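Take 694 as the starting number for the sequence shown in this note's numbering and just add one per residue. Notes to accompany the following structure.
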Amino acid sequence: MIFGQKMIEINFHEHIAPIIHKNCTPCHQPNRSAPFSLISYEDVAKRAKFIGKVTETRYMPPFPADRKFQAYLNERGLTVGEITKIKLWIEGGMKEGGVGSTVKSEQHFAQQSTETDLVKPDLVLKMNKPYQISGENVEDFRFFSLPSKTATDQYITAIGFKAGNKKNVHHSRLMVDTTNNIRAIDGLSETDPKVYEFQKTGLKEEFLYGWVPGNDKISFPQGTGVKLNANSDFLLNMHYAPSPVPDTDQSEIQLYFAKDKIEREVRNFTLRENDISNKPFLIKANQKATFFISKKIDKAISLISVMPHMHLIGKTFRAFVITPNGEVINLVKIDNWEFNWQMTYQFKLLLKVPSGSTFIVEGTYDNTAENPENPNSPPLDIAYGWGTKDEMFNLVLYYLDYKEGDEKIEQK
Ligand code: HEC
694 MIFGQKMIEI
704 NFHEHIAPII
714 HKNCTPCHQP
724 NRSAPFSLIS
734 YEDVAKRAKF
744 IGKVTETRYM
754 PPFPADRKFQ
764 AYLNERGLTV
774 GEITKIKLWI
784 EGGMKEGGVG
794 STVKSEQHFA
804 QQSTETDLVK
814 PDLVLKMNKP
824 YQISGENVED
834 FRFFSLPSKT
844 ATDQYITAIG
854 FKAGNKKNVH
864 HSRLMVDTTN
874 NIRAIDGLSE
884 TDPKVYEFQK
894 TGLKEEFLYG
904 WVPGNDKISF
914 PQGTGVKLNA
924 NSDFLLNMHY
934 APSPVPDTDQ
944 SEIQLYFAKD
954 KIEREVRNFT
964 LRENDISNKP
974 FLIKANQKAT
984 FFISKKIDKA
994 ISLISVMPHM
1004 HLIGKTFRAF
1014 VITPNGEVIN
1024 LVKIDNWEFN
1034 WQMTYQFKLL
1044 LKVPSGSTFI
1054 VEGTYDNTAE
1064 NPENPNSPPL
1074 DIAYGWGTKD
1084 EMFNLVLYYL
1094 DYKEGDEKIE
1104 QK
């Protein structure tokens, strides 16, 4: 690379380490979700070709939503310049860089690692007891009940999740149960027939929060919070990745409550299977299907975030708003649905949706034998259900009632 007159040789410690430590190491370090570390020169040089490939195809860092469609607070991705730098570094023979710079890049990494988790949560709820992960190399989906035992109503200003076993916890979803009627779900596999009975009871809040590696915490705007009724139970749906050795997990959720009076309540609503215009929600064996939701709202709101949700045979997901003036507001577009990377997409700026606007959501599914993600071979009819082999079609939206000037509020 030539900067001005001088030839600059791209080396690891000066040019590549900062990119890797910022964008890759949060997950690629011991005891985190990724299968290997990317910290030292050796870590990266050893896999340089592979890294060149996954960055060029944008498979890593993982971020399924189209960043050209809408801007998110929590977006991830390398710039074209960064991808090029990595490529040129590899082509240039993966130079390590000057003496003493190893120290520099390790310090850089250490500094980054301590910047997270500074504020203590107000309530930490752990799974009741350690869960025994089998060593039989199987996918395992479990439900756990976490009673909050809160004496009074609270407002949640931020929610986090901490995997007890970072190697095996693949992802998790959090629901709220105000009925206290399904505590017996604690520890059950999602294939247990009792789970289908519980599913019929209906929860107030099917989703509160979804966690995937590297998506540790969601914070609501200053002065706002989600109401949590006293004594609610949390329902944690955990996905454990196959493990060749027995292990244990005791994950926790971390809740941050408002200290001062909340000026504005964060509400949410979910556009769901019942809202589709082409019922029934059934994806026949050997067929592809597209479902549509079109839903009008009659008050102005400010959107904080969206969380799309589908299971294994989901393929694409798209959501936008059409205002009464015919303007289109993009929400989220995922061209290549990845079950493993379900995220809450938090908008950079609060997004005003005027009264009388219509939400349009479109999801496509592929239930053919050609779909490598199909859980059934040969394919079977698939309908609604909590199980991973069932399907869902949801868009969870967090919002505030609109207030003048909201669209200028940058989320943090
Ligand atoms: C949010 C967490 C996260 C971030 C950030 C992340 N990775 Fe990964 N990475 C993973 C996980 C989990 C896997 C294993 C599962 C998979 O392959 O999807 C993985 C797998 C990989 C693989 C192996 C892919 C394969 O097909 O086996 C490579 C190479 C890789 N990451 C490189 C990178 C690089 C380079 C960056 C930064 C530019 C990065 N990752 C950022 C979590 C992450």
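Using N, Cα and C, we set each Cβ at its ideal position, and we do this for glycine too. Computed from a prediction, not measured in an experiment: that's the story for all the values here.
Does the beta-carbon distance from residue i to residue j come in below 8 angstroms?
{"i": "residue 849", "j": "residue 949", "result": "yes"}
{"i": "residue 1084", "j": "residue 997", "result": "no"}
{"i": "residue 981", "j": "residue 924", "result": "no"}
{"i": "residue 737", "j": "residue 713", "result": "yes"}
{"i": "residue 890", "j": "residue 834", "result": "no"}
{"i": "residue 959", "j": "residue 919", "result": "yes"}
{"i": "residue 728", "j": "residue 828", "result": "no"}
{"i": "residue 720", "j": "residue 726", "result": "yes"}
{"i": "residue 976", "j": "residue 1075", "result": "yes"}
{"i": "residue 702", "j": "residue 788", "result": "yes"}
{"i": "residue 995", "j": "residue 820", "result": "no"}
{"i": "residue 730", "j": "residue 723", "result": "yes"}
{"i": "residue 1050", "j": "residue 1017", "result": "yes"}
{"i": "residue 917", "j": "residue 894", "result": "no"}
{"i": "residue 1026", "j": "residue 1011", "result": "yes"}
{"i": "residue 751", "j": "residue 774", "result": "no"}
{"i": "residue 1102", "j": "residue 914", "result": "yes"}
{"i": "residue 1092", "j": "residue 758", "result": "no"}
{"i": "residue 760", "j": "residue 749", "result": "no"}
{"i": "residue 876", "j": "residue 926", "result": "yes"}
{"i": "residue 979", "j": "residue 1065", "result": "no"}
With a CB to CB cut of under 6 angstroms and the five nearest residues on each side skipped, what residues in its chain are close to residue i?
{"i": "residue 993", "result": "1047, 1048, 1095"}
{"i": "residue 755", "result": "1034"}
{"i": "residue 931", "result": "835, 865"}
{"i": "residue 965", "result": "1087"}
{"i": "residue 824", "result": "942"}
{"i": "residue 831", "result": "935"}
{"i": "residue 753", "result": "747"}
{"i": "residue 741", "result": "783, 787"}
{"i": "residue 955", "result": "848, 918"}
{"i": "residue 878", "result": "836, 838, 891"}
Taking residue i as the reference, which of the options has the closest Cα?
{"i": "residue 707", "options": "745, 779, 752, 746", "result": "779"}
{"i": "residue 785", "options": "725, 817, 709, 866", "result": "709"}
{"i": "residue 968", "options": "939, 914, 1053, 742", "result": "1053"}
{"i": "residue 1067", "options": "1081, 1056, 1077", "result": "1081"}
{"i": "residue 983", "options": "839, 975, 843, 1056", "result": "1056"}
{"i": "residue 928", "options": "881, 837, 892", "result": "837"}
{"i": "residue 791", "options": "715, 705, 847, 1036", "result": "705"}
{"i": "residue 812", "options": "1015, 910, 893", "result": "910"}
{"i": "residue 1029", "options": "1058, 1043, 1021", "result": "1058"}
{"i": "residue 1099", "options": "991, 761, 1040", "result": "1040"}
{"i": "residue 904", "options": "892, 852, 762", "result": "852"}
{"i": "residue 842", "options": "1045, 922, 1044, 955", "result": "922"}
{"i": "residue 867", "options": "990, 711, 859, 854", "result": "854"}
{"i": "residue 902", "options": "869, 878, 877", "result": "869"}
{"i": "residue 840", "options": "822, 856, 826, 1043", "result": "822"}
{"i": "residue 1097", "options": "768, 1043, 760", "result": "1043"}
{"i": "residue 1104", "options": "952, 912, 739", "result": "912"}
{"i": "residue 1024", "options": "762, 711, 715", "result": "762"}
Determine which residues share a DSSP beta bridge with residue i and list them.
{"i": "residue 932", "result": "834, 864"}
{"i": "residue 1000", "result": "1089"}
{"i": "residue 1012", "result": "1025, 1054"}
{"i": "residue 1143", "result": "Examination of residue 1143 is not possible in this model, given that the chain is present from 694 through 1105 alone."}
{"i": "residue 912", "result": "851"}
{"i": "residue 920", "result": "848"}
{"i": "residue 1094", "result": "994"}
{"i": "residue 752", "result": "Paired residue(s): none; residue 752 is not in a bridge."}
{"i": "residue 765", "result": "1040"}
{"i": "residue 736", "result": "Answer is none; residue 736 lacks a bridge partner."}
{"i": "residue 825", "result": "941"}
{"i": "residue 702", "result": "In the DSSP output, where bridge partners are listed per residue, residue 702 has none listed."}
I'd like the list of long-range same chain contacts for residue i, defined as Cβ closer than 8 angstroms, with 5 residues on each side in sequence excluded.
{"i": "residue 972", "result": "none"}
{"i": "residue 807", "result": "With a pLDDT of 47 at residue 807, under the threshold of 50, the predicted position of this residue should be treated as unreliable, though the coordinate-derived value follows. Excluding residues within five positions, none has a Cβ falling inside 8 angstroms."}
{"i": "residue 881", "result": "835, 836, 887, 888"}
{"i": "residue 846", "result": "920, 921, 922, 923"}
{"i": "residue 826", "result": "833, 858, 861, 933, 936, 939, 940, 941, 942"}
To which residues of the same chain is residue i closer than 7 angstroms at the C-beta, ignoring the five residues directly before and after it?
{"i": "residue 962", "result": "1090"}
{"i": "residue 817", "result": "945, 947"}
{"i": "residue 1008", "result": "1030, 1057, 1058, 1059"}
{"i": "residue 874", "result": "894"}
{"i": "residue 974", "result": "966, 984, 1076, 1077, 1086"}
{"i": "residue 844", "result": "923"}
{"i": "residue 1004", "result": "1032, 1081, 1083, 1084, 1085"}
Ranges of the beta strand (DSSP E) found wholly within the region 1029-1053, counting only runs of at least 3: 1038-1046
Every unbroken alpha helix (DSSP H) inside the region 922-998 [4 residues or more]: none
Segments of 4+ residues assigned as alpha helix (DSSP H) that fall wholly inside the region 876-903: 886-894
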